[in-house]
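What follows is a single structure, written as structure tokens, with notes after it.
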Amino acid sequence: MENNPCNEKQEKYTISKEDRDFFYSDGARGLRLQVDYLKAEEKMKAEGIHHTVVVFGSARTPEDNINYIEARKFGSMVGCSGDGPKDCYLTLMTGGGPGIMEAANRGANDVGAKSIGLNIKLPHEQYPNPYISPELSFNFYYFGIRKLHFIQRAKALVVFPGGFGTLDELFEILTLIQTGKKEHIPIVLVNEAFWKNSIDIDYLVKEETISANDLNLFTYANDANTAWEQIIQWYKVRKIDLF
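Note that the working numbering numbers the sequence shown so that position 210 is 580, with each residue one more than the last.
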């Protein structure tokens, strides 16, 4: 039977779920996208994660930087929200790396609250920071699926100074809200001077590449307390429950 083309030793006879060559082929990309999404989705459901407050920011921000300090404070505020640290109705979520992401996860950890980290497989390996709840630490292959999880449960977005990745994530969500693909949520940009020096939004309005109404999609804050208060007030004015 050695020459039997259907011999179980033949590569093509492998059960589909064990066939790595097939799973990692171009044709099976849809399956990989689905698995990348479902692994985190099912785990978050199992852990009782309902809604998130998402924090973006630079991976390069050191511990003694004011933005790190404020992000850590903000993480603690989210962690203490609702019925306290054990309440997972509103859970802090970050990109899972160092810098601002670490600071926010650390703040939640300081008060004994769970927090989520959505890491990403990169050529230069980004390791998860040690303050993420271990059961809520995820590693994605696809940026698009990772972004979907950032957006899906988000009740608010707070963005600290950052680089290309931070800007990409911010503008993705602004675009989705602007085009009606995502419901309006409060977006707070922390460190007003940084943002106004980095992005001349008023010039975009002047050039009519965006509408003046688009300026209402976000607000500025200079510290964690103000950012959190703006989120609270955003929901209060609209008479929508946040917790």
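Just so it is clear, CB atoms sit at the ideal spot from N, CA and C, and this is done for glycine as well.
So, with DSSP's three-state summary, where would you put residue i?
i                 : result
phenylalanine 508 : strand
serine 485        : strand
tyrosine 573      : helix
tyrosine 605      : helix
threonine 384     : coil
alanine 429       : coil
leucine 460       : strand
threonine 422     : strand
leucine 492       : coil
isoleucine 543    : helix
Once you ignore the five residues that flank residue i on each side, which residues in its own chain have a CB closer than 6 Å to its CB?
i              : result
isoleucine 490 : Phe510, Arg516
histidine 554  : Ile547
isoleucine 419 : Cys458, Thr461
proline 556    : Ala526, Ile601, Trp604
alanine 429    : Gly467, Pro468, Gly469
valine 424     : Met463, Phe520, Ala524, Leu527
alanine 473    : Tyr438, Ala441, Arg442
Does the Cβ of residue i lie closer than 7 Å to at least one heavy atom of the ligand PLP?
i          : result
valine 560 : By its list of ligands, the structure shown contains no ligand whatsoever, and the ligand PLP lies outside what it can speak to.
Please determine, among the options, the residue with the shortest C-alpha to C-alpha distance to residue i.
i              : options                        : result
glycine 466    : Tyr497, Val607, Val529, Asn595 : Tyr497
glycine 532    : Met471, Ala410, Pro493, Asp396 : Met471
methionine 463 : Lys456, Gly449, Asp453         : Gly449
glycine 427    : Phe530, Gly400, Glu417, Tyr407 : Phe530
leucine 483    : Asn567, Trp565, Asp453, Asp593 : The sequence shown places alanine at residue 483, not leucine. Here the closest residue by C-alpha is Asp453.
arginine 442   : Leu518, Val481, Ile601         : Val481
glycine 445    : Asp611, Trp598, Ile610, Phe613 : Trp598
glutamate 440  : Asp611, Ala591, Lys609, Ile610 : Ala591
lysine 552     : Gln522, Trp565, Phe508         : Gln522
What first and last residue would you give for the beta strand (DSSP E) that runs through residue i?
i              : result
tyrosine 407   : No beta strand (DSSP E) holds tyrosine 407; the alpha helix (DSSP H) holding it covers 399 to 416.
tyrosine 438   : Where tyrosine 438 is concerned, there is no enclosing beta strand (DSSP E), although the alpha helix (DSSP H) it sits in stretches over 436 to 449.
isoleucine 580 : Run containing isoleucine 580: none; DSSP gives neither H nor E here.
tyrosine 501   : Segment: none, tyrosine 501 is in no beta strand (DSSP E) and carries neither H nor E.
threonine 589  : 589 to 591
Cutting at 7 Å between CB atoms, please list the residues of its own chain near residue i, excluding the five before and the five after it.
i                 : result
leucine 537       : none
leucine 587       : Leu544, Ile547, Gln548, Ile557
phenylalanine 613 : Ser451, Gly452, Tyr459, Leu460
The alpha helix (DSSP H) spanning residue i covers which residue range?
i                 : result
alanine 563       : 562 to 568
phenylalanine 613 : Here phenylalanine 613 belongs to no alpha helix (DSSP H), and DSSP marks it neither H nor E.
aspartate 480     : 470 to 480
aspartate 391     : 390 to 393
Between which residues of its own chain and residue i is the CB-CB distance below 8 Å, once the five residues before and five after are set aside?
i            : result
leucine 401  : Phe393
arginine 476 : Arg442, Gly445, Asn499, Tyr501
Any beta-carbon of chain C closer than 8 Å to the one on residue i?
i           : result
leucine 587 : Here chain C cannot be found, since the structure has a single protein chain.
Q: Report the residue ranges of all alpha helix (DSSP H) runs contained in full by the region 508 to 539; include only those spanning at least 4 residues, in chain order.
A: 513 to 522
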